[in-house]
Amino acid sequence: MELAPKNIAVNAVSGGAVDTDALKHFPNREALLEDARNRTPAGRMVEADDIVNVIMFLLSDEASMIRGQTIVVDGGRSLLI
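For the sequence shown, UniProt numbering begins at 1 and goes up steadily by one.
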């Protein structure tokens, strides 16, 4: 709160499992992708661009009133826990 008067917004982005190049080396990659399709309301695993899009929004003027929040980007999976 002490940074708000200086127009500094502090927010966080919490990503779910993200389909990245590193995942290509997992022996169970296909099983992970299938699990994401079956158990995530969005029907797919989170991609890096999904996280980037949220960060870009938080950096924009449209998000100027968002302060001190954690935005969860997991395709709705955390809603099922």
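Every residue gets a Cβ at the ideal spot worked out from N, C-alpha and C, and that includes glycine.
Exercise for the section: Give a yes or no on whether the C-beta atoms belonging to Ala9 and Ile66 are separated by under 8 Å. Expected result: Yes, the pair counts as a contact, with Cβ atoms nearer than the cut-off.
Practice task
Indicate the three-state DSSP secondary structure (helix, strand or coil) for Ser78 in the structure shown.
Solution key: In the three-state DSSP reduction, Ser78 falls in the helix class (H, G or I).
Problem - Continuous beta strand (DSSP E) stretch holding Val72: start and end - result: Segment 70-73, the beta strand (DSSP E) holding Val72.
Problem - Rounded C-alpha distance that separates Pro27 from Asn38 - result: Inter-residue distance for Pro27 and Asn38 is about 19 Å (C-alpha atoms, whole angstroms).
Practice task
Closer than 6 Å by C-beta to residue 82: which residues in its own chain qualify, once you throw out the five before and the five after it? Chain order, please.
Solution key: In the structure as shown, the chain starts at 1 and stops at 81, and residue 82 therefore has no counterpart that could be examined.
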